[in-house]
Each structure stands twice: as C-alpha cells, then as structure tokens.
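Numbering (my numbering), first residue to last: 4 to 159.
For every residue, glycine included, the Cβ atom is placed at its ideal position computed from N, Cα and C.
See structure below.
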Amino acid sequence: MRQFFKSILLAFCFALFAQGAALAADHATAQEATDMIKKVIAYYKANGPEKTYAAVNDPKGQFIYKDLYVFAGTVKPGGVTLAHGGNPKLLGKPLGEMRDGDGKFFVKEINAVAGNKEGKGWVDYKWVNPVTKALEPKSTYVERVDDIYFACGIYK
C-alpha cells in the first residue's frame, strides 16, 4: 500500500513538472521579442504603415507568436494606438493616462523610451496575458521608427 502511494505521488509530481515545463515553453524570450520588432520594422519599411498595421492587427498573422504580439503607437504624449495584436479594442485610443496593475503610467514610459536619443529600450509593468488571462509582470521592448514606435513584450 505504501509503495502504491509513493507511485501516485511520483506520478503527480511528474505531471506538475511536465505542466510547468509546457507553460514555460509557451512563454517567449527577450530575444524572440526583439527579433519580432526587427521583423515588423523591416515589414514596415518594405510595405508602409497601413499594410503593417493591418498585419499587426491580424490575430492569426505573422506578428503573433507564443504569447508575443506587437503593438504600435505615435511617439508623443497622449499619442494614439495605431495597431495592437493583443487587444483590438485599444486601436485609435490615446493611452497616455493608462496605468498598469500597480498604478504605473507605463504608456508614458513607453513614449519616453521611444522618444529618447536612442529610440529604443525596455519598459517593465504588469499587464493581462492574452494566453493565460492573468495579470502578469511584463517587460516590453520598444523601438522608434519615424514618429511611431513598435513594441513587443514578454511575460515573466
């Protein structure tokens, strides 16, 4: 009987480990996020803004991968969302006053990073993961092109 319970416990632990490994595999890496931004910027330069925004907004398109999605906005305080692969309800809205789960004005920080001399960098905040539907820590890579930014973040 004791051996039976050990076997059950071992099987349960293995199942938990396997589930955790599967969830970790679904989380994209920082390198995958920066690669996605390089890809969308190349697409933007080759195809222009309207075609790029449509591609970013496509929920089954090339700018959705694992839990990654791209979003874009104007680089100015109170600028509007031009494309959003994770939440189409945000399109055309000025998000400068939006706060994360901790009250942080993260869109203002995204605009500040996009507007700095380098025009790129990382911003940390909390956001709802569209895959898990949970509020999670997120780190987003932002890069400016012309007067807009493209961003893509990883959930931690």
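(message) Quick check: the Cα distance between V145 and P52, rounded to an integer number of angstroms?
(response) 17 Å
(request) Answer yes or no: do G95 and V78 have a C-beta to C-beta separation smaller than 8 Å? (result) no
(message) Helix, strand or coil, according to DSSP, for L93 in the structure here?
(response) helix
(message) Can you find the residues in the same chain that come closer than 7 Å, C-beta to C-beta, to K107, ignoring five residues on each side of it along the sequence?
(response) Y128
(message) Once DSSP output is grouped into helix, strand and coil, what is the label at E121?
(response) coil
(request) Output the distance between the C-alpha atoms of K159 and Y152, rounded to the nearest integer angstrom. (result) 22 Å
(request) Look up V160 in the DSSP assignment and say whether it is helix, strand or coil. (result) Lying before the first or after the last residue shown, residue 160 is absent from the chain, which here runs from 4 to 159.
(request) Using the Cα positions of F109 and P140, report the straight-line distance between them to the nearest angstrom. (result) 12 Å
(request) Provide the residue(s) that pair with P140 in DSSP beta bridges, ordered along the chain. (result) K129
(message) Can you tell me where the alpha helix (DSSP H) holding T55 begins and where it ends?
(response) P52 to N60
(request) Give the C-beta separation of H30 and I157 to the nearest angstrom, bearing in mind that I take them to be a contact with Cβ-Cβ under 8 Å. (result) 7 Å
(request) Please work out which residues of its chain come closer than 7 Å, Cβ to Cβ, to G81, disregarding the five sequence neighbours upstream and downstream, and give them in chain order. (result) P97 and G99
(message) One question on the structure: do G64 and F74 come within less than 8 Å of each other, judged by their Cβ atoms?
(response) no
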